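For the record, the sequence lines run as chains A and B.
Under my numbering, think of the first position of the first sequence as 145, with each following residue one higher.
Under my numbering, think of the first position of the second sequence as 99, with each following residue one higher.
Ideal Cβ positions, reconstructed from N, Cα and C, are used throughout, including at glycine.
Computed from a prediction, not measured in an experiment: that's the story for all the values here.
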Amino acid sequence: MRTARAEAHVAEKTRGYRIKKNFQRNWQLYVLLVPAIAYFIILHYIPMYGVQIAFKNFIATQGIWGSPWTGFDHFTRFFESYYFWRLLKNTIILSAYQLVLFPLPIILALSLHEVKKTMFKRWAQTLTYAPHFISVVVVVGMIVIFLDPTTGLVNRVIVALGGEAIPFLTSPDWFRHIFTWSGVWQTLGWSSIIYLAALSGVNPELHEAAKVDGATRIQRILHINIPSILPTIVVLFILNIGSFMTVGFEKVLLMQNDLNVSTSDVIQTFVYQTGLLEGQYSFAAAIGLFDSVINITLLVVFNYLARKLTDSSLW
Amino acid sequence: MKRFSLSDRMFDTFNTIFLVIILILIVYPLIFVLSASISDPTAVSSGRMWLWPVEITFRGYERVFSESSIWRGYGNTILYTLAGTLIHLLVLLPCAYALSRKELMAKKFILWFILFTMLFNGGLIPTYLIVQSLGMLNTMWAIVIPNVVGAWSILVARTFFHQSIPDQLVEASKIDGASDFYIFIRVVLPLSLPIVAVMALFHAVGLWNQYFNALIYLSDRDKFPLQLILREILVVNQMQLNDPAAGGGGESLVDQVQTAGLIKYAVIIVSSLPLLIVYPFIQRFFVQGVLIGSIKE
Numbered sequence: 145m146r147t148a149r150a151e152a153h154v155a156e157k158t159r160g161y162r163i164k165k166n167f168q169r170n171w172q173l174y175v176l177l178v179p180a181i182a183y184f185i186i187l188h189y190i191p192m193y194g195v196q197i198a199f200k201n202f203i204a205t206q207g208i209w210g211s212p213w214t215g216f217d218h219f220t221r222f223f224e225s226y227y228f229w230r231l232l233k234n235t236i237i238l239s240a241y242q243l244v245l246f247p248l249p250i251i252l253a254l255s256l257h258e259v260k261k262t263m264f265k266r267w268a269q270t271l272t273y274a275p276h277f278i279s280v281v282v283v284v285g286m287i288v289i290f291l292d293p294t295t296g297l298v299n300r301v302i303v304a305l306g307g308e309a310i311p312f313l314t315s316p317d318w319f320r321h322i323f324t325w326s327g328v329w330q331t332l333g334w335s336s337i338i339y340l341a342a343l344s345g346v347n348p349e350l351h352e353a354a355k356v357d358g359a360t361r362i363q364r365i366l367h368i369n370i371p372s373i374l375p376t377i378v379v380l381f382i383l384n385i386g387s388f389m390t391v392g393f394e395k396v397l398l399m400q401n402d403l404n405v406s407t408s409d410v411i412q413t414f415v416y417q418t419g420l421l422e423g424q425y426s427f428a429a430a431i432g433l434f435d436s437v438i439n440i441t442l443l444v445v446f447n448y449l450a451r452k453l454t455d456s457s458l459w
Numbered sequence: 099m100k101r102f103s104l105s106d107r108m109f110d111t112f113n114t115i116f117l118v119i120i121l122i123l124i125v126y127p128l129i130f131v132l133s134a135s136i137s138d139p140t141a142v143s144s145g146r147m148w149l150w151p152v153e154i155t156f157r158g159y160e161r162v163f164s165e166s167s168i169w170r171g172y173g174n175t176i177l178y179t180l181a182g183t184l185i186h187l188l189v190l191l192p193c194a195y196a197l198s199r200k201e202l203m204a205k206k207f208i209l210w211f212i213l214f215t216m217l218f219n220g221g222l223i224p225t226y227l228i229v230q231s232l233g234m235l236n237t238m239w240a241i242v243i244p245n246v247v248g249a250w251s252i253l254v255a256r257t258f259f260h261q262s263i264p265d266q267l268v269e270a271s272k273i274d275g276a277s278d279f280y281i282f283i284r285v286v287l288p289l290s291l292p293i294v295a296v297m298a299l300f301h302a303v304g305l306w307n308q309y310f311n312a313l314i315y316l317s318d319r320d321k322f323p324l325q326l327i328l329r330e331i332l333v334v335n336q337m338q339l340n341d342p343a344a345g346g347g348g349e350s351l352v353d354q355v356q357t358a359g360l361i362k363y364a365v366i367i368v369s370s371l372p373l374l375i376v377y378p379f380i381q382r383f384f385v386q387g388v389l390i391g392s393i394k395e
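Have a look at this one:
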């Protein structure tokens, strides 16, 4: 008994000694970490702790820490408000729409991978990546120009074909399509890079063996290429799920106007509006927290499912 | 084995057609904007201009360049992008390097500490309040500091250091009496220029294109980056072009509307062209960045 304690004591001492020694020898390495750690503490962990204003009544003069507690008042007010269901529905539909189109970059990558002419392939890649480098403001600006009811190219074509001009930008029915497909235009090529990389790692012997067995190109894509890149697909799908409730709201905000607001009002734009424009900090923080909690829950659940079902997961 | 079946050749044909259609859909809007920016506005609105420029005019560009707010926005964006990228590297590289070294204790914990910020964050409002209480509102720091580095970049740079800097090299320098600071700056960084370029470019593109932080944190028009000015011109449509005299004065209403359209095309090109011209040459760096990022340990 006594010896055990003494040994523990010695072990403790040597452990402390080792830590001290390590610090002495490598203190400069720890100094190199300081700026980044300070950044994460100040601009990530303190705001995480500051989320408590969602349960408080924020009073500017008393700050985040001094304001009085109100419990779940802001949450109940949000859940009982008439716009709650509209916001939730808009957010989910918009996000689900984007998720349905998740396979498009995979299809592009599979298609590009089959191209044998390297010149054409390189051009195709360079051109499809280009829209990624254009800002959201410019993309929305281009949408505004092309879809303008009188001067826009699209409506001029519709009118020339004998149709009637469509007020795309002020139409709640069109908002989701325009938002999602312009997103596809912008990110299709860039998102395919990672799948192309995964495809270039597919074992060529599998293809040789399949050819000997008389498999066609399409059969080889379906039974060799797709299964080979499945882990990549799963991981990216989980990552997408993790921001399900966030739906590229910076772009939504740019495309939103009084006339399409019935479909374009999503939770994050509402947080911006009530919080930063109307100054209801606590209420907006509560809504934002609700959003993050759903995000993180979805991420954890889907990661668990992926690990059980496919053996590939984020962690 | 040089035997191609009919179905394989059909596949190739369909595949090429499919890709060409996608390419046209992606590139056409870009070419249209470029052509429209140097075409006569009446040709654009009447549909005579549909692909290549018609009746070339540089009036749109003249107006854009005579607009002081655009110049100032451009200047601000360049300043924010350069300063922000520099600070990004100063925070990112030392941290990523330290995390790549096996001597570092509690590495797992520090990595999780950083990665957790990817899963959860305080959200818009608490972050805004912290930025406010740090006194950064309406300063350049509000643009540069809140997103100075992401967990993802740290992982990518760390993976790079891990793979490309051999342990023996660091150990040999240590035996020669070099300190960790010296090794990092004089030995490791010169060998890591590709990752420095990748990280700098990724961050610079992000800074160049972002508008939201500027929208919520800046209130002086003098400090607005280009993207906010663009938002006024392209999206909100509330830009009052302050000197009609610069455009020749005495324009009719129709002329004004048409010139406004021309300015929109020109301003899109002026703001996007620097990146679109440069990126094909640095594309491999970006692709490399995505690839290093996809390596899972």
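Contacting residues, own chain, Cβ-Cβ under 6 Å from residue i (five flanking each side not counted)
| i | result |
| --- | --- |
| residue 198/B | 256, 259 and 260 |
| residue 242/A | 324 |
| residue 383/B | 295, 296 and 299 |
| residue 301/B | 183 and 186 |
| residue 381/B | none |
Secondary structure of residue i, DSSP reduced to three states
| i | result |
| --- | --- |
| residue 260/A | coil |
| residue 200/B | coil |
| residue 169/B | helix |
| residue 213/A | strand |
Cβ separation of residue i and residue j, assumed to be a contact under 8 Å, to the nearest whole Å
| i | j | result |
| --- | --- | --- |
| residue 398/A | residue 284/A | 4 Å |
| residue 323/B | residue 175/B | 4 Å |
| residue 254/B | residue 375/B | The pair is not a contact, with the Cβ atoms about 26 Å apart (cut-off 8 Å). |
| residue 179/A | residue 189/B | 5 Å |
| residue 309/B | residue 281/A | 5 Å |
| residue 118/B | residue 185/B | Actually they do not touch by this definition, with Cβ atoms about 44 Å apart. |
| residue 356/B | residue 164/B | Contact flag wrong, Cβ pair sits at about 17 Å. |
| residue 182/B | residue 327/B | Contact doesn't hold; Cβ gap of about 18 Å is too wide. |
| residue 247/A | residue 124/B | Contact doesn't hold; Cβ gap of about 18 Å is too wide. |
| residue 439/A | residue 389/A | 5 Å |
Chain-order list of residues whose beta-carbon lies under 7 Å from that of residue i (same chain, five-residue window excluded)
| i | result |
| --- | --- |
| residue 200/A | 211, 212, 213, 214 and 426 |
| residue 158/B | 135, 360, 361, 363 and 364 |
| residue 373/A | 339, 342 and 343 |
| residue 177/A | none |
| residue 68/B | No answer is possible for residue 68/B: the residues shown for chain B start at 99 and end at 395. |
| residue 379/A | 456 and 458 |
| residue 228/A | 222 |
Neighbourhood of residue i by C-beta, 8 Å cutoff - its chain only, sequence neighbours within 5 removed
| i | result |
| --- | --- |
| residue 365/A | 254 and 258 |
| residue 322/A | 287, 291, 312, 313 and 399 |
| residue 167/A | 174 |
| residue 192/B | 282 |
| residue 216/B | 248, 249 and 250 |
Residue i versus residue j - alpha carbon distance
| i | j | result |
| --- | --- | --- |
| residue 352/A | residue 112/B | 23 Å |
| residue 368/A | residue 443/A | 28 Å |
| residue 104/A | residue 245/A | Absent from the model: residue 104/A. The displayed extent of chain A is 145 to 459, so no value can be given. |
| residue 309/A | residue 122/B | 24 Å |
| residue 297/B | residue 120/B | 30 Å |
| residue 329/A | residue 185/A | 37 Å |
| residue 138/B | residue 379/B | 32 Å |
| residue 456/A | residue 316/A | 39 Å |
| residue 225/A | residue 416/A | 17 Å |
| residue 403/A | residue 354/A | 56 Å |
| residue 353/B | residue 300/A | 20 Å |
| residue 319/B | residue 278/A | 23 Å |
| residue 212/B | residue 181/A | 8 Å |
| residue 273/B | residue 194/B | 23 Å |
| residue 387/B | residue 252/B | 12 Å |
| residue 152/B | residue 351/B | 23 Å |
| residue 252/A | residue 266/B | 43 Å |
| residue 306/A | residue 289/A | 21 Å |
| residue 424/A | residue 418/A | 6 Å |
| residue 317/B | residue 422/A | 16 Å |
| residue 473/A | residue 268/A | Only positions 145 to 459 of chain A appear in this structure, which leaves residue 473/A out of reach. |
| residue 216/A | residue 222/A | 10 Å |
| residue 256/A | residue 115/B | 12 Å |
Heavy atom of the ligand PLP within 7 Å of residue i beta-carbon
| i | result |
| --- | --- |
| residue 367/A | Looking at this structure, you won't find the ligand PLP or any other ligand, since it has none at all. |
The stretch 190-202 of chain A / the stretch 208-220 of chain B touching (three or more Cβ pairs under 8 Å):
yes
Does the structure place the stretch 358-373 of chain B close enough to the stretch 123-143 of chain B that three or more beta carbon pairs sit under 8 Å?
yes
Do the stretch 177-191 of chain A and the stretch 225-234 of chain B meet, that is, are 3 or more Cβ pairs less than 8 Å apart?
yes
Is there contact here, the stretch 428-436 of chain A with the stretch 405-415 of chain A, by at least three beta-carbon pairs under 8 Å?
yes
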